[in-house]
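**Q** Got a structure for you, written out below as structure tokens; questions coming shortly.
Protein chains in written order, with the numbering used here: chain A, 7 to 340; chain B, 219 to 770.
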């Protein structure tokens, strides 16, 4: 087991190195430079030249990459060209927002996806099953930003039930020791703030969770159908166990195995979906930050931010793999 | 219990959570005495001398005040921390008597020493802070430093010479040459006077230069302790969430009507307007014509318009191809159907422009401007007279993104102009570009032949329009005309207001006679407000103080 984990951890090094080169080159392939973005229409060609000189943008790309690698390895992620704040400070503030949103989206996806898939399998080839297929197709095919805009328009703008922007009502005074707003409210005993943060999460979580929901319900359905015809289920039934116990103990638990992998993979979907969701709902997380950084050609933010997200993604998948290996010995051996 | 029923119950429970939350949300109440502003983003820093973006300046304008200011809602200069001003005969020494009994919000007194301390701070700015990305306005107005960065402008190039205290309540600003636009420029939010004690205590200029070449302030002046004399002071600022300003109880003038102002960053325009609809914000800045229509159709909201203080134009680079010929440029002017474009794409907010200056700026010429009414026949005739073979091919640059006040929908402007030019003997080769993706630098670098561009003024002076563009060689237009350059220099140096206006009027006419570009629109910029907000006074230059705002 230990060897497996160490091997996987060592594999991270080339992955991250390759990623850093890719990101570095890709960011510089964007049309325009930070000078265009920051100096705007008031910039004279001399200003642009001076700016490029000052930020080392005229050096050959490998020199720039080497400088970037050196500073990154020393733990310094640079300073945002747009906000003049250290990237690490911004990550500390923004990452919790994204995680909170992703967790809420996942809770929504699991809360609705698992039952939906299970019921569809139980009602195999009935209108309920077809209905669930239809819903999943919609979930997968509607673009996240469109769903976000529609949800917001109906439930916030038209009906006025839920807030449209941000993480917290501006009139609420709350401390944020951890920057996870729901948790902060509970920790500081300010339950009104927690409740308000939850309200701000509902619509974005539904929008962002729609795709994982669809995938989870389809995988659950297929998996339940598979497990139902296994010998041990038939044996359980033959023993005379009540159907609800067979479902709970033998079918559902075993059917959950493939779903747990999906959760890890969905994390990538959630991170990419967060870019659009956070923008539509004006949530100050990693996603809206990346979008702004692209518009501003904010190289340090793009490089470090994407690298950080990639690292998180890789680590989450590693954890999923390890958990899986723990659950299923066949994986460890191969 | 059957499995299906169980899950149905679970589903029901989850829906219940959503519904309860929703119902609780609907009871959200609007607090009076708080004005919530929806901003395009977070301020960069709260030190006005270190920023040039509108969002930062709008906030610092509430905290800091300059010696002079724009009379609310106009471009007229009136006293602020100074009680008046007087220029010496040679125009090089400007005396400002100061207001007595004013204190900074840290309790220290405002006096002549404080004013000179601020000017000295800007004048001795650390070299790493001298770039245009940080010190754009000082560079534009004064143009030099006591100790310049290598290759930068030194005292010989600077308009500023020094600041002298004359007793406790009088200062003299000394200039190196005559300039009258300088007074208008002093009204910029950037020249707000900060408490020298706070500047020192909270280390406004301390910081390190990272390996990425960027300055990181280590002090807290620009983030948590911006201390000025204005009607509001900073209470708290959490980036990405909100910035809270509270009334300055010791303000020397009329105290702010509304106790608290909250600035909330919402970068997406649609999201900003929706938040206005739901009442999450009270004010949304810079609406597009589409958003303005939404606001207009909502009974809880209202629109206000910022007077036109910009110009949208079709630029022509005389260094590229046939545009060096005056007749060809005239043909372009006759070939642009400007009236249709302004009528179709500005939602009634555009005014047809016949000159570079907007009407409310001093120096706007009421007569003598050559008129170029759309006339394809005349355009073709002019091209033939110029000895050109029809059709004349021109490369037309236009931005695909980043709509601006003077250009809410650039691609459509481009399409309409292309159609009218092609009827007038031209063949247009489109050259689309991303605003920040090389478009602006291409145009400013002189690579664009024919291009869509524009300008929004920084301060209420014709120099900020005409001298900036036509006062010296400008690679954008590839344009050189010694006579116009000297006329504009004379106009800027003239201290007599009437003579100055006359000189600028002459210059306005002359620009249109030389035709480096064809102006087509001055547009008003709409902002959205909740109906219960009164007393919001619009400024052409966006310098709007919130102290007169009342939340009803």
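Ideal Cβ placement from N, Cα and C applies to all residues, glycine included.
Report the residue ranges of all alpha helix (DSSP H) runs contained in full by the segment 365 to 436 of chain B; include only those spanning at least 4 residues, in chain order.
**A** Complete alpha helix (DSSP H) runs here, min 4: 399 to 404, 414 to 419.
**Q** Could you check whether the Cβ of residue 311 of chain A sits closer than 8 Å to any Cβ belonging to chain B?
**A** By this cut-off, residue 311 of chain A is not an interface position.
**Q** What is the DSSP secondary structure of residue 296 of chain B, counted as helix, strand or coil?
**A** Residue 296 of chain B: strand per DSSP, three-state reduction.
**Q** So with CB distances below 7 Å, who are the chain A contacts of residue 198 of chain B?
**A** There is no way to answer for residue 198 of chain B, as the model of chain B reaches only from 219 to 770.
**Q** Would you list, in chain order, the members of the segment 478 to 491 of chain B that have their beta-carbon closer than 7 Å to a beta-carbon of chain A?
**A** Within the segment 478 to 491 of chain B, the qualifying residues are 480, 482, 484, 485, 486, 489.
**Q** Establish whether the CB of residue 12 of chain A and some CB of chain B are separated by less than 8 Å.
**A** Residue 12 of chain A does not count as touching chain B.
**Q** Which same chain residues, not among the five before or five after residue 761 of chain B, have their C-beta less than 7 Å away from its C-beta?
**A** Within the same chain, residue 761 of chain B has close Cβ partners 279, 288, 407.
**Q** Under a CB-based cut-off of 8 Å, is residue 70 of chain A close to chain B?
**A** So, not an interface residue.
**Q** Report buried or exposed for residue 454 of chain B, applying the criterion of at least 16 other Cβ atoms within 10 angstroms of its Cβ.
**A** Residue 454 of chain B is exposed by the Cβ-count criterion.
**Q** Find the residues of chain B that neighbour residue 173 of chain A, judging by a C-beta separation of less than 8 Å, and give them in chain order.
**A** Ordered by position in chain B, the residues that pass the 8 Å Cβ test against residue 173 of chain A are 459.
**Q** Are the Cβ atoms of residue 529 of chain B and residue 678 of chain B separated by less than 8 Å?
**A** In this structure, residue 678 of chain B does not lie closer than 8 Å to residue 529 of chain B by Cβ.
**Q** Smallest Cα separation from residue 511 of chain B: which of B/272, B/745, B/252?
**A** Nearest option by C-alpha distance: B/745.
**Q** Please identify the residue among A/109, A/19, A/70, A/71 whose C-alpha is closest to the C-alpha of residue 276 of chain A.
**A** Closest by alpha carbon: A/109.
**Q** May I ask you to list the residues that DSSP assigns as paired with residue 740 of chain B?
**A** Paired residues: B/569.
**Q** List the residues of chain B whose Cβ lies closer than 8 Å to the Cβ of residue 100 of chain A, in chain order.
**A** Ordered by position in chain B, the residues that pass the 8 Å Cβ test against residue 100 of chain A are 458.
**Q** On a CA-only basis, which of B/470, B/476, B/440 is nearest residue 255 of chain B? Give me that one, please.
**A** Residue 255 of chain B has its Cα closest to that of B/476, out of B/470, B/476, B/440.
**Q** Out of B/674, B/729, B/479, point me to the one whose CA is closest to residue 544 of chain B's CA.
**A** Ranking the options by Cα distance to residue 544 of chain B, first place goes to B/729.
**Q** How would you list, in chain order, the residues of chain B whose beta-carbon sits under 8 Å from the beta-carbon of residue 298 of chain A?
**A** Those are 259, 485, listed as they occur along chain B.
**Q** If we call anything under 8 Å between Cβ atoms a contact, is residue 146 of chain A one with residue 138 of chain A?
**A** Against a cut-off of 8 Å, the Cβ pair of residue 138 of chain A and residue 146 of chain A comes out as no contact.
**Q** I'd like to know if the segment 315 to 322 of chain B and the segment 335 to 344 of chain B are in contact, where contact means that at least 3 CB-CB pairs between them fall below 8 Å.
**A** Short answer: they don't touch.
**Q** Taking the straight line between their C-alpha atoms, what separation do you get for residue 415 of chain B and residue 390 of chain B?
**A** Roughly 21 Å between the two C-alpha positions.
**Q** Pick helix, strand or coil for residue 759 of chain B, following the three-state DSSP scheme.
**A** Looking at residue 759 of chain B - three-state DSSP - the assignment turns out to be coil, as it is neither helix nor strand.
**Q** DSSP three-state label for residue 337 of chain B, please.
**A** Note: residue 337 of chain B maps to helix in three-state DSSP.
**Q** Can you have a look at residue 606 of chain B and say buried or exposed, based on whether 16 or more other CB atoms are within 10 angstroms of its CB?
**A** Buried, because 16 or more other Cβ atoms sit within 10 Å of the Cβ of residue 606 of chain B.
**Q** Nearest to residue 756 of chain B by CA position, among B/527, B/305, B/371, B/499, is which residue?
**A** Looking at the Cα atoms, B/527 is the closest of the given residues.
**Q** Mind checking residue 698 of chain B: buried by the 16 CB within 10 Å criterion, or exposed?
**A** With fewer than 16 other Cβ atoms within 10 Å, it is exposed.
**Q** 8 Å is my cut-off, CB to CB: does residue 362 of chain A come that close to chain B?
**A** Absent from the structure is residue 362 of chain A, since the part of chain A shown begins at 7 and ends at 340.
**Q** Which residue's Cα is closest to the Cα of residue 57 of chain A: B/621, B/276, B/351, B/303?
**A** Among B/621, B/276, B/351, B/303, the Cα nearest to that of residue 57 of chain A is on B/351.
**Q** Taking only runs that begin and end inside the segment 537 to 597 of chain B, name each unbroken beta strand (DSSP E) of 3 or more residues, in chain order.
**A** Listed in chain order, they are 568 to 570.
**Q** Give me whichever residues DSSP pairs with residue 454 of chain B in a beta bridge.
**A** Answer is B/462.
**Q** Based on the DSSP secondary-structure assignment, which residues constitute the bridge partners of residue 140 of chain A?
**A** Paired residues: none, contrary to the question.
**Q** Should residue 734 of chain B and residue 536 of chain B be called a contact, given that it needs their Cβ atoms to be closer than 8 Å?
**A** In this structure, residue 536 of chain B lies closer than 8 Å to residue 734 of chain B by Cβ.
**Q** Have a look at the DSSP bridge pairing and note the partners of residue 522 of chain B.
**A** Bridge partners of residue 522 of chain B: B/745.
**Q** Is the CB-CB distance between residue 211 of chain A and residue 187 of chain A below 8 Å?
**A** No; because the gap between Cβ atoms is not below 8 Å, this pair is not in contact.
**Q** Can you name the residues of chain A whose CB is closer than 8 Å to the CB of residue 263 of chain B?
**A** Under the 8 Å cutoff, chain A gives 90.
**Q** As a quick exercise: from B/676, B/739, B/694, pick the residue whose alpha carbon is nearest that of residue 270 of chain B.
**A** Closest option to residue 270 of chain B, Cα to Cα, is B/676.
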